[in-house]
């Protein structure tokens, strides 16, 4: 089913965006220190 594949690609895009945001932001350890 193509709908299932499209849903997976949307989730992958969201995961990649979240990873990009976390890579740009400083780790939480620095803020606590």
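Residue numbers (my numbering): 10 to 42.
Glycine is no exception: its CB is placed at the ideal position from the N, C-alpha and C atoms.
None of the values given here were measured: they were computed from a predicted structure.
C-alpha of residue 19 to C-alpha of residue 34: approximately 23 Å in a straight line. Look at residue 17 here: in three-state DSSP terms it is helix.
In the three-state scheme derived from DSSP, where H, G and I count as helix and E and B as strand, residue 34 is classed as coil. Annotated three-state conformation of residue 10 is coil, per DSSP.
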